[in-house]
Amino acid sequence: MRKLKYHSVAKKSTDFWGWFFVMFGSVFFVAFLYATIVSKLLPPLQNPILTAIQRDSYYCFLVPLTLPVLVLAVYFHWLSMKLFKHA
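Under my numbering, the first residue of the sequence shown is numbered 237, with each subsequent residue one higher.
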(Lines of atoms letter the chains of each structure in order from A and count residues from 1; the text may use other names and numbers.)
(Lines give C-alpha, C1' and ligand atoms only; values in the text may rest on other atoms or scores of the structure.)
Protein backbone atom coordinates (compact mmCIF):
# COMPACT_ATOMS: atom_id res chain seq x y z
CA MET A 1 0.00 0.00 0.00
CA ARG A 2 2.84 2.39 0.81
CA LYS A 3 4.41 1.83 -2.60
CA LEU A 4 1.17 2.92 -4.26
CA LYS A 5 1.16 6.16 -2.24
CA TYR A 6 4.74 6.94 -3.28
CA HIS A 7 3.86 6.20 -6.89
CA SER A 8 0.96 8.65 -6.68
CA VAL A 9 3.21 11.40 -5.28
CA ALA A 10 5.88 10.73 -7.90
CA LYS A 11 3.27 10.85 -10.68
CA LYS A 12 1.96 14.20 -9.41
CA SER A 13 5.49 15.59 -9.33
CA THR A 14 6.19 14.26 -12.82
CA ASP A 15 2.94 15.72 -14.13
CA PHE A 16 3.75 19.09 -12.57
CA TRP A 17 7.23 19.27 -14.13
CA GLY A 18 5.90 18.02 -17.45
CA TRP A 19 3.27 20.77 -17.62
CA PHE A 20 5.80 23.31 -16.35
CA PHE A 21 8.21 22.56 -19.19
CA VAL A 22 5.41 22.51 -21.78
CA MET A 23 4.18 25.94 -20.61
CA PHE A 24 7.71 27.36 -20.41
CA GLY A 25 8.47 26.13 -23.92
CA SER A 26 5.19 27.53 -25.24
CA VAL A 27 5.85 30.97 -23.73
CA PHE A 28 9.40 30.96 -25.07
CA PHE A 29 8.16 29.93 -28.53
CA VAL A 30 5.54 32.71 -28.64
CA ALA A 31 8.10 35.30 -27.47
CA PHE A 32 10.59 34.15 -30.11
CA LEU A 33 7.88 34.19 -32.79
CA TYR A 34 7.01 37.75 -31.80
CA ALA A 35 10.65 38.84 -31.85
CA THR A 36 11.38 37.32 -35.26
CA ILE A 37 8.19 37.82 -37.27
CA VAL A 38 5.34 39.74 -35.66
CA SER A 39 7.37 42.72 -34.43
CA LYS A 40 8.63 43.41 -37.96
CA LEU A 41 5.06 43.71 -39.28
CA LEU A 42 3.88 46.20 -36.62
CA PRO A 43 4.20 49.97 -36.92
CA PRO A 44 6.91 51.67 -34.83
CA LEU A 45 6.21 51.39 -31.12
CA GLN A 46 6.76 53.85 -28.25
CA ASN A 47 8.18 51.33 -25.78
CA PRO A 48 12.03 51.34 -25.95
CA ILE A 49 12.33 47.59 -25.25
CA LEU A 50 9.81 46.67 -27.95
CA THR A 51 11.45 49.14 -30.35
CA ALA A 52 14.82 47.46 -29.76
CA ILE A 53 13.24 44.06 -30.51
CA GLN A 54 11.62 45.52 -33.59
CA ARG A 55 14.88 46.94 -34.96
CA ASP A 56 16.92 43.81 -34.18
CA SER A 57 17.99 41.74 -37.18
CA TYR A 58 20.00 39.02 -35.41
CA TYR A 59 17.21 36.60 -34.52
CA CYS A 60 15.58 36.85 -37.96
CA PHE A 61 18.65 35.19 -39.45
CA LEU A 62 19.43 32.88 -36.53
CA VAL A 63 16.81 30.19 -37.24
CA PRO A 64 17.31 29.90 -41.02
CA LEU A 65 21.08 29.70 -40.56
CA THR A 66 20.79 27.21 -37.70
CA LEU A 67 18.89 24.65 -39.79
CA PRO A 68 21.82 23.65 -42.08
CA VAL A 69 24.10 23.36 -39.04
CA LEU A 70 21.50 21.15 -37.35
CA VAL A 71 21.31 18.90 -40.42
CA LEU A 72 25.10 18.53 -40.44
CA ALA A 73 25.19 17.83 -36.72
CA VAL A 74 22.55 15.10 -37.05
CA TYR A 75 24.40 13.57 -40.00
CA PHE A 76 27.75 13.52 -38.17
CA HIS A 77 26.08 12.08 -35.08
CA TRP A 78 24.56 9.29 -37.19
CA LEU A 79 27.92 8.69 -38.94
CA SER A 80 29.85 8.52 -35.69
CA MET A 81 27.35 6.06 -34.21
CA LYS A 82 27.66 3.86 -37.31
CA LEU A 83 31.46 3.94 -37.14
CA PHE A 84 31.41 3.17 -33.42
CA LYS A 85 28.90 0.35 -33.84
CA HIS A 86 30.86 -1.37 -36.64
CA ALA A 87 34.37 -0.72 -35.33
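Ideal Cβ placement from N, Cα and C applies to all residues, glycine included.
Between the segment 263–282 and the segment 294–305, the count of Cβ pairs shorter than 8 angstroms is three or higher; the stretches touch. Excluding residues up to 5 positions away in sequence, T287, Q290 lie with their Cβ nearer than 7 angstroms to the Cβ of L281 in the same chain. Only residues of its own chain outside the window of five on either side were considered, and among them none has a CB closer than 8 angstroms to the CB of A309.
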